[in-house]
Amino acid sequence: MHSYLDPVVLFFVLGAIAGIAKSELRIPASFYNTISIYLLLSIGIKGGIELFHISVRSFLLPAFGTLALGMLITYLAYRILVSIGKFDRNNAISIAAHYGSVSAVTFAVVISYLNDKHVTYEAYMTVLLVMLEVPALALGVFMAKLEHFRENWDVKKILHEVFLGKSVLLLTGGLLIGVFTAYSANKQLNFFFFDLFKGFLAIFMLEMGVVASERFKDLRKVGVFLIFFGVGMPVLSALVGILMGIATGLSLGGTVVLATMAASASYIAAPAAMRLAIPEANPTYSITPALGITFPFNILVGIPLYHRLAEWLWQWV
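Okay, so the sequence shown: first residue is 739 according to the working numbering, each after it adds one.
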């Protein structure tokens, strides 16, 4: 598992160490937000350029599989949280929606990981990233709606967060810009958005290490079950993602990307949507395992593990 030597991972470790040591190391908030916008746009633009050169038919089956995957993982997480974790309905829905949704940063890291290992993957994976972001949040909102019939339940605001939140809007906008850029054969943005991508990702991961370390102190608040859930659920989701990737005809690289997306948990779009849909849910139960456990696990251990699992399962295809 040589991903430990990846500079992106090492930047994350450095940030985590700085956070644990209570260092003053922090990326300015304005610059942190700028980099997050840059990364989302870059992922979207690159995906759009690649999408322009492929047939729509070639990704219809993976697209439907991805939509089903998001809802399946959300439901599985919900059943585990209610049946085994004994969580109340509100918190179970909120946590499940976080784990059914996807982390764009984890996606960026797995893409970097595969590029370094020269493992090819489908050009339309960014499209699947966008498609995996929505169904978990939509299902979470639907499940919450069955339980909450109140006058203050603002459907318009919730749908706005689900479909026009920062992540979905930037990724979708980037995809459209990328398609237009490929159509016009304009390469003026290539250096900024492609050549500099990994450098900006490394700086972003430095800050993510600090942010994740700040969640470590909340682990005692979420209980032992959620700590194990934060590790076990990603592995289960990755296995489901691998099987879905194989079933829908993805390559080995594409299967690893889908598995990693399935294993990731949202800590940007999901908190905003669930805060509106289920205000009674405790955000500590959702964000702490997603950011403090699952994100570091995926970055440090999960991605190479899912790669190995995918390779092993591919032998039986």
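Here a beta-carbon is modelled for each residue, glycine too, at the ideal position from N, C-alpha and C.
Distances from the alpha-carbon of GLY878 to those of PHE954, PHE1033 and PRO1017 put PRO1017 closest. For ALA1019, the closest C-alpha among the options ALA801, ILE755, ILE765 and SER832 is that of SER832. Spanning the alpha carbons of GLY968 and LEU909 requires a straight line of approximately 26 Å. In the three-state reduction of the DSSP assignment, ALA759 falls in the coil class, being assigned neither a helical nor a strand state.
When DSSP states are grouped into helix, strand and coil, PHE825 belongs to the coil group.
Between MET1012 and the set ALA882, ASN928, TYR1044 and LEU778, the nearest pair of CA atoms involves ALA882. Counting the other CB atoms within 10 Å of its CB gives ILE792 a total below 16, which places it among the exposed residues.
Around the C-beta of SER1024, 16 or more other C-beta atoms lie within 10 Å, and the residue is accordingly described as buried. Residue environment analysis places SER951 among the buried positions, since at least 16 neighbouring C-beta atoms fall within 10 angstroms of its C-beta. Under the three-state reduction of DSSP output, GLU871 falls in the helix class. Spatial neighbours of SER975 in its own chain (CB-CB distance under 6 Å, excluding positions within 5 residues in sequence) are listed in chain order as ILE811, ALA1000 and ALA1001. Within the model, the alpha-carbon separation for ILE984 versus THR804 is close to 12 Å. Across the structure, GLY753 and ILE1037 are spaced so that their CA atoms are roughly 13 Å apart. The stretch 820-827 makes no contact with the stretch 945-960; the number of CB pairs closer than 8 Å stays below 3. Judged by DSSP in its simplified three-state form, ASN924 adopts coil rather than helix or strand.
When the Cα atoms are used, LYS855 and ASP744 turn out to be separated by approximately 11 Å.
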